[in-house]
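Chemist: Residue numbers (the UniProt record's numbering), protein chains in the order written: chain A, 1 to 209; chain B, 1 to 209; chain C, 1 to 209; chain D, 1 to 209.
Ideal Cβ positions, reconstructed from N, Cα and C, are used throughout, including at glycine.
Protein chains: 4
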Amino acid sequence: MRTPDPDPNEREPIGGSDDADFAAAGAGGFGGVPGGAANPGWLSEVELAEARRRLPMLYVEAVPVRTDGTGAVTQVGVLLRASPVGEISRTIVSGRVRYGETVRDALFRHLENDLGPMAFPLLPPQPTPFTVAEYFPIPGVSAYHDDRQHAVSLAFVVPVTGTCEPRQDALEVTWMSPEEAASDALAAEMEGGRGTLVRTALASVGALR
Amino acid sequence: MRTPDPDPNEREPIGGSDDADFAAAGAGGFGGVPGGAANPGWLSEVELAEARRRLPMLYVEAVPVRTDGTGAVTQVGVLLRASPVGEISRTIVSGRVRYGETVRDALFRHLENDLGPMAFPLLPPQPTPFTVAEYFPIPGVSAYHDDRQHAVSLAFVVPVTGTCEPRQDALEVTWMSPEEAASDALAAEMEGGRGTLVRTALASVGALR
Amino acid sequence: MRTPDPDPNEREPIGGSDDADFAAAGAGGFGGVPGGAANPGWLSEVELAEARRRLPMLYVEAVPVRTDGTGAVTQVGVLLRASPVGEISRTIVSGRVRYGETVRDALFRHLENDLGPMAFPLLPPQPTPFTVAEYFPIPGVSAYHDDRQHAVSLAFVVPVTGTCEPRQDALEVTWMSPEEAASDALAAEMEGGRGTLVRTALASVGALR
Amino acid sequence: MRTPDPDPNEREPIGGSDDADFAAAGAGGFGGVPGGAANPGWLSEVELAEARRRLPMLYVEAVPVRTDGTGAVTQVGVLLRASPVGEISRTIVSGRVRYGETVRDALFRHLENDLGPMAFPLLPPQPTPFTVAEYFPIPGVSAYHDDRQHAVSLAFVVPVTGTCEPRQDALEVTWMSPEEAASDALAAEMEGGRGTLVRTALASVGALR
């Protein structure tokens, strides 16, 4: 079975993201990079797709949570998503870090993409993830699996204070209790081993029993 | 020179806090504890003062920060405080964890005490401190010193989003850049070695150079 | 049912530990503390027992692990212990921090007490625990429960490289796989909610599925 | 001035590492990846060099330390290195994560490469770095700078227990006190802003003053 991709063309078109990478890099002042502004097409969509099979890709992921007034986690947000072929699966906020982009900006961008502009996420002041999830194309190498690439993901717990209006292919955000989020039933619905990631997130906030 | 105490009678009277401990314990349902509701005075102020010289005291501390929209720390809040004898020193939010009180509640209580009710601190979802600061009565055992007790402090970085109106004996909150907060000049003004604590806090959020 | 105490008289007699506290403090140079060397009896065993019902006690705990050559956790060590009345339960390394003792020294002391002198534990260079476990006398306040006291525990994962020969009342150390250590069956046998602590430990090392 | 590269051809030839990536991927069973075993040359050295200018590269870094019997850091190891053009600079263990390689294996490989086979490093059981260092080709975007690429580095503190015999272009390992390692003098000699990384490492182990 094909695991839905955490960064498929539908969500972040390789060509598109690539152009975006270039634009971001240009905006950031990286015009001096050889092969930069002068020739944005030097690495084609196909070439990048192949690079993705030769280099580990850097990702960020976020487990959205609701907290009470003292910061304790009360609920966990899980995304319901339809794949291009109509398969429904559960996931969390996830996406690639672009060339020239900070991890923090990438995290913010993907939170906004997946939860909408009114989610008001509170990004942590610390740059350290609660875990580093390593996705390999071959199942069993680690707890995480992505059949299209080797991805290394910095995973964060992110309180959100506003209203989530999923965009793109995320159909909805389901809020559940820590117990429900840690259940085997949910883990079975999650793609790429992310049930483990949610449990690890809960443990990091003292909410796993 | 006597280091101003992080938990002096003026801020948290031992007898008073003790009564408060008892009240909290009672409210929390610990009435069944031997010597509890039936005899709140079984451990006198003097006895507790002596207990403080025989047991490590559990503290929480918070380095207040301002963050930008992506969570990066832009400013650090330092408290200016006058000791009972009029000495001025710099410190951070600090106070004891009471019997029956969660660490999280203690952190919230001391933030409110020291920064006022409109500070709107965002307590972290994680229960883990950025460091554990061990204060010993003899200088030199560790980086931290408190001549009245052996205190072990769980230290947190806490973004505050509102307006700080210091109460009790904290005269004001000074906001400064990470560079200023990490300076030798500030460290020299801070009590008990807390200059080291502020630097360690900055390092934990990637803001120490 | 009475939860076996993590620091009962049998393991660390209150009077004895108190004397030990005093001795340690004396050795550490704290002789100048009022009421110190001149009068070791100023806080009697009974008084300390009562202090323990009025102050949060500071504890350290350790989940012993075996690691492979690259540091990945392969096994978890769980202690089998008989209570004074002959009840068998499972636990981890646990004990109080004494007055004047560093957290690191307390951790080392309890590891040696519970695993024997040939365990060769590798204490982490970081002072930060993987979690802070709060034990309350009333069940349900948190995931952790200790009917004799309010204890706050700094919990660490500690690789051990030698041979464990449990001392005192620990009957044996059982080494098990991460899966087994995270099981409901084991959690049911563990005292005071420490099944949760073991799972949280496993999550912190990326070994919880 | 050109900052010596943390991953120059001399240390990890792009073509060579690429071939190594391929070999590792093959050994790991990734032969089924399109364009894999059948055509190892589909992404040439030049193409990869260009990919490095379009994608963030994933790195691992290690600050080697000596610890005492209770795990406290007593010394920090800094590498002295000569660049291909004879410039001397100070650095730490650093290198790229290859396609199909775990972060842990990459860390071990680079420790062995830079410190020799008798260093006996003790990799941490946790997968979480003490910080995430982001190197940008343009100075000033972050504390870290690498004029050849955008690299994101997972940085670890690693106790080493054996004898260091630097290989490749690392001339020697200098062991120094935490105070010396945190000094401005050392920071000025370190490449790419790694003085900040060393200080952040020291803070994470409670050894920064």
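Scan the segment 85-133 of chain A and note each continuous alpha helix (DSSP H) run of 4 residues or more that stays entirely inside, going in chain order.
Modeler: 103-115
Chemist: Over the uninterrupted beta strand (DSSP E) stretch that includes A185 of chain C, give me the two end residues.
Modeler: Looking at the DSSP string, A185 of chain C is not in any beta strand (DSSP E); the run it does join, the alpha helix (DSSP H), is 184-189.
Chemist: Could you name the residues of chain A that L123 of chain B contacts, counting a contact when the two beta carbons are closer than 7 angstroms?
Modeler: Within chain A, the residues T70, G71 have their CB atoms less than 7 angstroms from the CB of L123 of chain B, given in chain order.
Chemist: Run through chain B and tell me which residues come within less than 9 angstroms of L208 of chain D, C-beta to C-beta.
Modeler: A143, T196, R199, T200, A203, L208
Chemist: Could you pull out every residue in the same chain whose Cβ sits closer than 8 angstroms to the Cβ of P124 of chain D, ignoring the five residues on either side in sequence?
Modeler: F156, V157, V158
Chemist: For T131 of chain B, go through chain C and note every residue whose CB falls closer than 8 angstroms to its CB, in chain order.
Modeler: P127, T128
Chemist: Listing by chain order, which chain D residues have their CB less than 7 angstroms from the CB of E134 of chain A?
Modeler: T102, V103
Chemist: Can you tell me whether E50 of chain C is helix, strand or coil according to DSSP?
Modeler: helix
Chemist: Are any of the Cβ atoms in chain D nearer than 7 angstroms to that of V158 of chain A?
Modeler: no
Chemist: For A38 of chain B, count neighbouring C-beta atoms within 10 Å of its own C-beta (all shown protein chains included) and say buried if the count is 16 or more, exposed if not.
Modeler: Any reading at A38 of chain B must be qualified, since the residue scores a pLDDT of 38, below 50, and its modelled position is unreliable; no value is offered.
Chemist: Suppose you measure from the CA of A151 of chain B to the CA of M57 of chain B; what does that come to, to the nearest Å?
Modeler: 5 angstroms
Chemist: Please tell me whether residue 226 of chain C has its Cβ less than 7 angstroms away from any Cβ of chain B.
Modeler: Here chain C covers residues 1 to 209 and nothing more, so residue 226 of chain C does not appear.
Chemist: S83 of chain C by DSSP, collapsed to three states: which one?
Modeler: coil
Chemist: Which same chain residues, not among the five before or five after G77 of chain B, have their C-beta less than 6 angstroms away from its C-beta?
Modeler: P64, V173, W175
Chemist: With a CB to CB cut of under 7 angstroms and the five nearest residues on each side skipped, what residues in its chain are close to P166 of chain D?
Modeler: L79, D114, L115, G116, E172, V173
Chemist: Beta-carbon of P56 of chain A versus every beta-carbon of chain D: anything under 7 angstroms?
Modeler: So yes, P56 of chain A belongs to the interface.
Chemist: For the beta strand (DSSP E) that E61 of chain B lies in, which residues bound it at each end?
Modeler: 57-67
Chemist: Can you give me the start and stop residues for the beta strand (DSSP E) that S153 of chain C sits inside?
Modeler: 151-159
Chemist: Which residue wins for smallest C-alpha separation from R90 of chain A, given the options A:R199, A:S177, A:G192?
Modeler: Distances from the CA of R90 of chain A to each of A:R199, A:S177, A:G192 were compared; the closest alpha carbon is that of A:G192.
Chemist: Using only the alpha-carbon positions, how far apart do S183 of chain D and A181 of chain B sit?
Modeler: 17 angstroms
Chemist: What does a CB cutoff of less than 8 angstroms around G32 of chain C pick up in its chain, not counting 5 residues either side in sequence?
Modeler: Because the pLDDT at G32 of chain C is just 32, under 50, the model does not fix this residue reliably, and the point stays unresolved.
Chemist: Measuring CA to CA, which of B:E179, B:G195, B:R104, B:A201 is closest to R209 of chain B?
Modeler: Comparing Cα positions, the closest option is B:E179.
Chemist: Looking at the unbroken alpha helix (DSSP H) that takes in S204 of chain A, where does it start and where does it end?
Modeler: Element bounds for S204 of chain A: 194-204.
Chemist: When the cut-off is 7 angstroms and only beta carbons count, does F108 of chain A lie next to chain B?
Modeler: yes
Chemist: Can you check DSSP and say which residues form a bridge with G77 of chain D?
Modeler: Beta-bridge pairing links G77 of chain D to D:W175.
Chemist: Rounded to whole angstroms, how far is the Cβ of V205 of chain C from the Cβ of V73 of chain C, which I believe are closer than 8 angstroms?
Modeler: 5 angstroms
Chemist: Beta-carbon within less than 6 angstroms of A207 of chain A's beta-carbon, same chain only, minus the 5 sequence neighbours each way: which residues are those?
Modeler: V73, P178
Chemist: Could you say which of D:S142, D:F136, D:M190, D:D68 lies nearest to S83 of chain D if we only look at CA atoms?
Modeler: D:M190
Chemist: Here's the rule I'm using: 16 or more other beta-carbon atoms within 10 Å means buried, otherwise exposed. How should G100 of chain D be labelled?
Modeler: buried
Chemist: Using alpha carbons as the reference points, say which of D:E87, D:Y135, D:G95 lies closest to E112 of chain D.
Modeler: Ranking the options by Cα distance to E112 of chain D, first place goes to D:G95.
Chemist: Thinking just about the alpha-carbon of each residue, which of D:A188, D:A201, D:L202 is nearest to the one in I88 of chain D?
Modeler: D:A188
Chemist: With distance defined between alpha-carbon atoms, name the residue in A:G162, A:V93, A:G195 nearest to T67 of chain A.
Modeler: A:G162
Chemist: Using a threshold of 7 angstroms, state whether the C-beta atoms of P121 of chain B and V97 of chain B are closer than that.
Modeler: No; because the gap between Cβ atoms is not below 7 angstroms, this pair is not in contact.
Chemist: Using C-beta distances below 7 angstroms, list every residue in its chain close to R194 of chain B, excluding the 5 sequence neighbours before and after it, in chain order.
Modeler: T91, I92
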